[in-house]
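Below is one structure; the comments refer to it alone.
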Amino acid sequence: YRWDFNRRPPPRNPLVAALAAARRAVALDPESASTRSALAEVLFFLGEIDESLAEAERSVALNPNNAEVVAMLALRLIMTGQGERGLALNREAFALNPAAPGWYYFAPALQNLREGDHEAALDAAVRIQMPDFYLQHALLAAVYGHLGRTEEGARAVASAVELQPRLAGCPRGLLAERHLDPPLVDIVMAGLARAGLDVPPNEG
Numbered sequence: 075y076r077w078d079f080n081r082r083p084p085p086r087n088p089l090v091a092a093l094a095a096a097r098r099a100v101a102l103d104p105e106s107a108s109t110r111s112a113l114a115e116v117l118f119f120l121g122e123i124d125e126s127l128a129e130a131e132r133s134v135a136l137n138p139n140n141a142e143v144v145a146m147l148a149l150r151l152i153m154t155g156q157g158e159r160g161l162a163l164n165r166e167a168f169a170l171n172p173a174a175p176g177w178y179y180f181a182p183a184l185q186n187l188r189e190g191d192h193e194a195a196l197d198a199a200v201r202i203q204m205p206d207f208y209l210q211h212a213l214l215a216a217v218y219g220h221l222g223r224t225e226e227g228a229r230a231v232a233s234a235v236e237l238q239p240r241l242a243g244c245p246r247g248l249l250a251e252r253h254l255d256p257p258l259v260d261i262v263m264a265g266l267a268r269a270g271l272d273v274p275p276n277e278g
């Protein structure tokens, strides 16, 4: 669910199953940073943002040397408008894991986009290197749109829509499902429109 990789409808709501499993894991090992981080992620996608961030904070407090949980908290803080601390934690995550996976770059890409530093946002976005995940292409398209690089933006839009056809019909709804805060959604949407994505009228 998190990476939108399952193209077949599951037999039941994956978040319901994930929440039950995460709560069971925390009950079995409440001092585990990994179980707390897993619970935080499920809660985030359920829209329980405050509870999610509280669990993520507990996760980092339990193991501040776990780069994965630090990077995840950093990303969720940036997505919800707490960019200063989010970037600081993102830098800590990279220091803990210099060979970090590409998704760590979502955090600086989003924050730089929010701040209008489009060149820095592009530098981070191209480092994500998740070609099968539509959000990397959507983010690249938004950045290219803001930079006025419309040809590259159009190609990125096409790649994103191919991977996630719903982007063509309800892009704002998809971003809302990821729980980006409204100002950041507006910035991404403006970039996508400039990159050539036809925004449905009922989506604003």
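Those letters in the sequence shown? Residues 75 to 278, per the numbering used here, in order.
Note that CB positions come from ideal geometry on N, CA and C, so glycine has one too.
It should be emphasised that the depicted structure is a prediction, and the values quoted were computed from it without experimental measurement.
Among residues of its own chain, excluding the 5 on either side of residue i, which ones have a beta-carbon nearer than 6 Å to its beta-carbon?
i, result
"A267", "V273"
"L93", "V116"
"L271", "V231"
Measuring only the C-alpha atoms, how far is residue i from residue j?
i, j, result
"L213", "A181", "11 Å"
"Y178", "L196", "14 Å"
"Q238", "N140", "32 Å"
"A95", "P104", "13 Å"
"V217", "Q203", "15 Å"
"P205", "A234", "9 Å"
"A230", "E125", "34 Å"
"L163", "L241", "30 Å"
"A194", "A183", "7 Å"
"R136", "A148", "First, the amino acid is wrong: residue 136 is Leu here, not Arg. Approximately 16 Å between the Cα atoms of the pair."
"E166", "A174", "11 Å"
"Y208", "R201", "15 Å"
"F79", "G121", "20 Å"
"R76", "L89", "10 Å"
"E131", "P138", "10 Å"
"G227", "R97", "41 Å"
"D260", "C244", "14 Å"
"F168", "G176", "11 Å"
"E236", "P172", "32 Å"
"P55", "T224", "Because residue 55 is not part of the residues shown, which for the chain are 75 to 278, the question remains open."
"P61", "L127", "Any question about residue 61 goes unanswered here, given that the chain covers just 75 to 278."
With a cut-off of 8 Å on the beta carbons, I'd call residue i and residue j a contact; round off their distance for me.
i, j, result
"M146", "E115", "7 Å"
"V144", "L170", "6 Å"
"R150", "F118", "6 Å"
"L210", "A199", "One detail in the question is off: residue 210 reads as Gln in this sequence, not Leu. Right, the Cβ-Cβ distance comes to about 7 Å (below 8 Å), so this counts as a contact."
"R110", "E129", "5 Å"
"A112", "A99", "6 Å"
"D255", "G157", "Contact doesn't hold; Cβ gap of about 10 Å is too wide."
"A215", "G265", "7 Å"
"G280", "A269", "Because residue 280 is not part of the residues shown, which for the chain are 75 to 278, the question remains open."
Anyone know if the C-beta pair for residue i and residue j falls short of 7 Å?
i, j, result
"L258", "R188", "yes"
"A101", "S133", "no"
"M263", "R246", "yes"
"H192", "L161", "no"
So, for residue i: in the same chain, excluding its five sequence neighbours on each side, which residues have a beta-carbon less than 7 Å away from its beta-carbon?
i, result
"I123", "T154, H253"
If you drop the 5 nearest sequence neighbours on each side, which residues of the same chain put their C-beta closer than 8 Å to that of residue i?
i, result
"N87", "none"
Next item on the list: Taking only runs that begin and end inside the region 214-270, name each unbroken alpha helix (DSSP H) of 4 or more residues, in chain order.
Entry: Segments of the alpha helix (DSSP H) lying fully in the region 214-270: 224-237, 240-243, 245-251, 256-268.
Item checked: Whole runs of the beta strand (DSSP E) within the region 151-199, excluding any shorter than 3 residues -> Counting only runs of 3 or more residues that sit fully inside the region 151-199, no beta strand (DSSP E) segment turns up.
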